[in-house]
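Going by my numbering, the letters in the sequence shown line up with residues 560 to 1015, in that order. Glycine included, C-beta positions come from ideal geometry on N, C-alpha and C.
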Amino acid sequence: MVLKRFETCLLVLCWIVLIGSGYCDSQLNVSPNSQEGSLVNYPKPHQLQFDGGAFRVTADVILRLNELIKSLAMFSLDGALDTRTALNMTEDEWNRTERILIGLVQSESASSNPTLAKTLHDSLNAIRREKVKFILLGKFLVNRTNGEIDRSSSVLHAFQDTTPTGEPPLSLILHPSIVGLTQVSAVLLRSMDTNGSKQNAQPRAASATAPSIEEFLTGFAGKFRETRRILTVEAKRYLSRTKARLSVVPASEKVSLYESGIAHTIAMFIKSVTHILGFASKSINHEMIENGAVLVDQQLSDGLGQLLKKATNVGHYAFLELCLKRYVYRYYDQSQALAKLLYCVQPETDTLEYLVTVFGTILARAAITDSSAVQMTVICSMGSSDCMNTFYDSLEQQHSAVQLRFDGYVDFIQQEIDAMVQRVTVCAQSTVFEIEAFATKTKTNFKQCLSSGKIN
560 MVLKRFETCL LVLCWIVLIG SGYCDSQLNV SPNSQEGSLV NYPKPHQLQF DGGAFRVTAD
620 VILRLNELIK SLAMFSLDGA LDTRTALNMT EDEWNRTERI LIGLVQSESA SSNPTLAKTL
680 HDSLNAIRRE KVKFILLGKF LVNRTNGEID RSSSVLHAFQ DTTPTGEPPL SLILHPSIVG
740 LTQVSAVLLR SMDTNGSKQN AQPRAASATA PSIEEFLTGF AGKFRETRRI LTVEAKRYLS
800 RTKARLSVVP ASEKVSLYES GIAHTIAMFI KSVTHILGFA SKSINHEMIE NGAVLVDQQL
860 SDGLGQLLKK ATNVGHYAFL ELCLKRYVYR YYDQSQALAK LLYCVQPETD TLEYLVTVFG
920 TILARAAITD SSAVQMTVIC SMGSSDCMNT FYDSLEQQHS AVQLRFDGYV DFIQQEIDAM
980 VQRVTVCAQS TVFEIEAFAT KTKTNFKQCL SSGKIN
């Protein structure tokens, strides 16, 4: 109670004699930079213990790592590069970066801090593991091209829907490496907030687009394959039922033509559906990875690099750690890039289930029509040629009706799939613009914070 009165009197005295807000703030532990109504309890500048040496060496490691990330993104988006050339260039860039990082990890600034040294060594090992994964994938692709790998390989199966030749685009090859390296960068950022110790909390939020993009696309590709399988099975089942019903009808040339016509219609339907769904799966992979995730990771890496360069060139430390805590250490988490992109595209998985449901309704109606057509033979007694001829003559019209029904459904699938791909494209492009705005705003706020200590 006495202490409370003393603080109150001191505050009044400071105001009356105008001795300056700095002294009052230092005595009462009130930060001039705190926001009114803010729910975030950011530390005051004088409460921070900033290790400039540890910060600089860690920042330098992250900057070098981000240059590698941006190079991988650039290679994956360069349509002029063939796969082998891009993989060789990537490995060369990786080796060059690794040599630089080894020098930084073994530097005096890092070695003098055991906790920091361990974190940097762990990060270097993680980068090497990502490199091993990348090299193994490259060798796998070369062996596959040379025919030295089983076509039933599970790894090959994951890539088989990407191009007509089965060769995945560079973006699909390199993005897992970009994700892995971004996670290393995020862990290093967190270590700067914990005096050099590694912190692995929230691994999914760490990366700009995280492994869940690949997981989502793998699941989505599985839904495409399952949809194709169901439509194919149901179409073939329809053909089998049609043949079974026609087996009770006296054989004739027109019956044979009708049966072969239905078989051709079903074959063309399966071919069309396979093409539409396969192309859509590849298009969505392209939009989500190349036009979405890679660009997002590239933008965030570039934005983080600008923040760290600004921080390492600042002339004073008055507000530096305060601003780093607010805008840099949780940079990837605050972007929420993964959550935004996946939230936008998640409902599209229901579109494929909808296509299967509609097809079931169409086939149910087709079964009724075919059954009634076959029943027409019941009314024709033995030897009633005019009656049977009327039935035979109607088969061509009935086949035309079946053809129109399946063609109409193919058109329906095409329209629905085109709309779905367009929505995914909008999601990917919108996320890229959102992250671009996030990076720009963060850069502006960070610069303002460094000069004034103001937190937005």
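Burial state of residue i (16 or more Cβ within 10 Å)
i     : result
N684  : exposed
S959  : exposed
I661  : exposed
D823  : The sequence shown places His at residue 823, rather than the Asp named in the question. So H823 counts as exposed.
E955  : exposed
K841  : buried
P604  : Because the pLDDT at P604 is just 39, under 50, the model does not fix this residue reliably, and the value given afterwards should be weighed accordingly. Flag for P604 reads buried.
N948  : exposed
G851  : buried
D619  : buried
Y797  : buried
G1012 : buried
G638  : exposed
T999  : exposed
F992  : exposed
V571  : Residue placement at V571 cannot be trusted, given a pLDDT of 36 that sits under 50; what the coordinates show is reported in the next sentence. By the neighbour-count rule (16 or more Cβ atoms within 10 Å), V571 is not buried but exposed.
S682  : buried
A923  : exposed
Q594  : Model confidence at Q594 stands at a pLDDT of 35, short of 50, so the residue's coordinates are unreliable and nothing is read from them.
V746  : buried
L695  : exposed
I972  : buried
V808  : buried
Residue interval of the alpha helix (DSSP H) (run including residue i)
i    : result
K813 : 812-844
D641 : It is not in any alpha helix (DSSP H) - D641 carries neither H nor E in the DSSP assignment.
Q905 : Counting along the chain, Q905 falls outside any alpha helix (DSSP H), and DSSP gives it neither H nor E.
V855 : 853-871
M979 : 944-1011
R787 : 771-805
M751 : 729-751
S670 : 667-670
R889 : Unbroken run through R889: none, as it is neither H nor E.
Contact check, residue i vs residue j, beta carbons under 8 Å
i    : j    : result
L631 : I772 : no
T644 : F693 : no
S730 : V853 : yes
I835 : I994 : no
L646 : G697 : yes
K813 : Y913 : no
A870 : L879 : yes
T656 : L675 : no
F961 : I821 : What sits at residue 961 in the sequence shown is Val, not Phe. Cβ distance < 8 Å, so V961 and I821 count as in contact.
D752 : Y890 : no
V915 : I789 : yes
Proximal residues to residue i (C-beta, below 6 Å), its chain only, five neighbours per side dropped
i     : result
N705  : Interpretation of N705 is limited by its pLDDT of 49, a score under 50 that renders its predicted location unreliable; the figure taken from the coordinates is listed afterwards. For N705, where only same-chain residues beyond five positions count, there are no Cβ hits under 6 Å.
D709  : Per-residue confidence for D709 stands at a pLDDT of 44, beneath the threshold of 50, marking its modelled position as unreliable; the derived number appears in the next sentence. There are no such residues.
A760  : Caution is warranted here: a pLDDT of 43 is assigned to A760, below 50, making its placement in the model unreliable, and the coordinate value is therefore given only provisionally. Excluding residues within five positions, none has a Cβ falling inside 6 Å.
V589  : Here V589 scores only 33 on pLDDT, less than 50, and its place in the model should not be relied on; the value that follows carries that caveat. There are no such residues.
S668  : G612, V616
T791  : I829
Q665  : none
V904  : V983, C986
F1005 : L866, C882, Y886
C939  : C946, M947
S1010 : none
M979  : E907, T910
Whole-number beta carbon distance between residue j and residue i, since they are thought to touch under 8 Å
i    : j     : result
I843 : K795  : The pair is not a contact, with the Cβ atoms about 27 Å apart (cut-off 8 Å).
Q857 : K1002 : Wrong, their Cβ atoms sit about 15 Å apart, outside the cutoff.
L866 : S894  : Not a contact, Cβ separation roughly 12 Å.
V855 : V969  : Incorrect: roughly 35 Å between the Cβ atoms, too far for contact.
L900 : A810  : 59 Å between Cβ atoms; not a contact.
E849 : L636  : 6 Å
S744 : L624  : 5 Å
T786 : L911  : 4 Å
T990 : A896  : 6 Å
Same chain, Cβ closer than 8 Å to residue i, neighbours up to 5 away in sequence not counted
i    : result
G919 : E793
K868 : L622
L640 : F634, M648, L729
E689 : S736, G739, L740, V743
L663 : V616, D619, V620, R623, A669, L679
A925 : Y797, V961, R964
A996 : none
Chain-order list of residues whose beta-carbon lies under 7 Å from that of residue i (same chain, five-residue window excluded)
i    : result
F965 : T824, F828
T908 : F779, K782
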